[in-house]
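Heads up: the structure comes next, in structure tokens.
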Ligand code: NAP
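Right, dumping it as structure tokens:
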């Protein structure tokens with residue numbers, strides 16, 4: 001959908017007006033195209049004394065061929081290993097390192113702070129306030145995120161650091177991610193085709209965010225089984241045939257749906273590697289006007305069906321193979337709540353609950369489960385919103401614009417990467433650091 005304000009604000013006259021009147025200044029975010037490298041431009045890397053990640057980060061930066069910036073020059077990204085910070089006094093290093101460089105970060109630049117567990121010390125917890133504030137101060141489409149790396153997980157940072165350095169993370173801002181020591185150790189994957197040879201099931205794939213997820217996972221090498229309700233089979237076929245995938249027409253709320261899905265995946269592919277529970281509906285009413293059908297249908301589609309499907313695919317030896325990935329689609333409504341959406345927010349909070357409940361047990365078999373929580377994403381759903389609400393949703397975030405379906409898809413592709421085995425039980429907001437529920 002066209003964001004007219006962003007177009008006007010980036011015209012020569014518009015730029016002048018928004019600057020002088022103090023209006024939000026969204027810039028066109030750089031987004032990834034197939035064949036792009038992880039990052040182009042210099043990367044400044046620094047570390048607090050005693051940092052555990054100096055070796056792994058240096059190796060990665062070298063492997064992707066980045067150079068440090070020349071003295072006084074601009075840079076595309078800043079990475080800081082803060083794992084060595086132990087005391088509150090040690091936090092001074094954040095100011096001494098970042099203050100001289102922060103204004104030299106280029107547009108759509110990346111700032112990545114690497115920390116340890118948040119309960120290790122007050123100083124480690126402090127990294128969250130620091131990084132989120134840097135994200136809010138950043139201009140010109142630059143983002144800042146914090147990656148917490150558990151001791152022992154140092155060699156499992158590659159897929160996550162690649163994602164946060166690249167334009168794939170264009171709309172992920174002010175987030176905190178935790179990387180654990182993955183059962184079975186780190187797995188490697190290529191930047192060009194991390195999902196080569198994998199089979200991915202995507203529900204609600206006929207349009208919107210689901211269609212973007214399907215084509216992004218296919219771009220990364222997966223065979224995508226797109227699923228949607230039978231009435232949308234033509235639309236679904238149009239998506240899957242364009243990406244060399246296949247279609248499965250099913251209503252996920254049918255009693256028999258999980259078994260039918262499992263039977264299809266077993267017969268056609270021998271199993272599945274990535275499962276994305278994207279299908280979702282809204283049936284908004286304030287609680288006093290909420291009838292049981294509206295309440296229950298939203299819970300059924302958004303979380304009860306994903307729970308039943310996940311249980312079916314992981315029971316016994318499980319059709320979900322080793323290094324399998326499950327990704328739920330939550331919403332910032334499930335974090336912040338939203339008037340008129342008690343049913344939807346309940347279901348989307350439950351998606352997060354499902355992730356917390358299942359993550360420890362799935363980790364034992366090398367499987368992860370995470371959720372993404374989109375904010376305002378430009379889709380048919382948000383196009384139907386009243387104009388004032390829509391404009392509010394678009395601008396009330398640090399990037400002053402709505403995200404695109406592909407932004408959610410890129411985050412899911414990162415979580416689906418076999419090299420992301422240490423990223424388990426996380427909820428990643430894809431919201432441009434929305435002020436809602438921040
Ligand atoms: P969408 O355009 O409505 O697409 C969802 C798809 O899921 C539709 O094709 C839908 O078919 C399908 N679906 C619904 N019920 C189903 C069922 N019982 N079985 C199989 N498929 C079913 O939605 P979207 O905007 O792309 O959103 C995708 C996901 O992101 C949803 O989970 C949504 O809650 C979440 N999300 C979106 C936003 C946003 O800003 N757009 C923000 C936060 C979270 P029907 O035609 O039957 O509905």
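Residue numbers (UniProt numbering): 1 to 438.
Backbone N, C-alpha and C fix where the C-beta goes; we use that ideal spot for every residue, glycine too.
Would residue i pass as a contact of residue j if the rule is Cβ separation under 9 angstroms?
i: residue 244; j: residue 279; result: no
i: residue 215; j: residue 242; result: yes
i: residue 425; j: residue 401; result: no
i: residue 385; j: residue 343; result: no
i: residue 195; j: residue 60; result: no
i: residue 200; j: residue 366; result: no
i: residue 94; j: residue 148; result: no
With burial defined as no fewer than 16 other Cβ atoms inside 10 Å of the residue's Cβ, what is the status of residue i: buried or exposed?
i: residue 287; result: exposed
i: residue 192; result: exposed
i: residue 70; result: exposed
i: residue 310; result: buried
i: residue 324; result: buried
i: residue 175; result: buried
i: residue 89; result: exposed
Tell me where the alpha helix (DSSP H) around residue i begins and ends.
i: residue 136; result: 122 to 137
i: residue 203; result: Unbroken run through residue 203 is the beta strand (DSSP E), 199 to 203; no alpha helix (DSSP H).
i: residue 432; result: Counting along the chain, residue 432 falls outside any alpha helix (DSSP H), and DSSP gives it neither H nor E.
i: residue 313; result: 305 to 314
i: residue 286; result: Run containing residue 286: none; DSSP gives neither H nor E here.
For residue i, which three-state DSSP category applies?
i: residue 88; result: coil
i: residue 31; result: coil
i: residue 374; result: strand
i: residue 335; result: helix
i: residue 273; result: strand
i: residue 81; result: strand
i: residue 160; result: helix
i: residue 384; result: coil
i: residue 183; result: coil
Would you report the Cα separation of residue i and residue j, rounded to the nearest angstrom?
i: residue 129; j: residue 369; result: 26 angstroms
i: residue 418; j: residue 411; result: 14 angstroms
i: residue 222; j: residue 250; result: 21 angstroms
i: residue 348; j: residue 330; result: 5 angstroms
i: residue 189; j: residue 197; result: 11 angstroms
i: residue 341; j: residue 332; result: 12 angstroms
i: residue 44; j: residue 68; result: 5 angstroms
i: residue 270; j: residue 313; result: 12 angstroms
What is the residue span of the beta strand (DSSP E) that residue i lies within?
i: residue 108; result: 105 to 115
i: residue 247; result: 246 to 249
i: residue 227; result: 223 to 228
i: residue 321; result: 320 to 329
i: residue 179; result: 176 to 179
i: residue 243; result: Careful: residue 243 lies outside any beta strand (DSSP E) and carries neither H nor E.
i: residue 153; result: Neither: residue 153 is in no beta strand (DSSP E) and is coded neither H nor E.
i: residue 47; result: 43 to 47
Step through the CB atoms of chain B and report whether any lies within less than 9 angstroms of the CB of residue i.
i: residue 72; result: Given the protein chain composition of this structure (a single chain), no chain B is represented.
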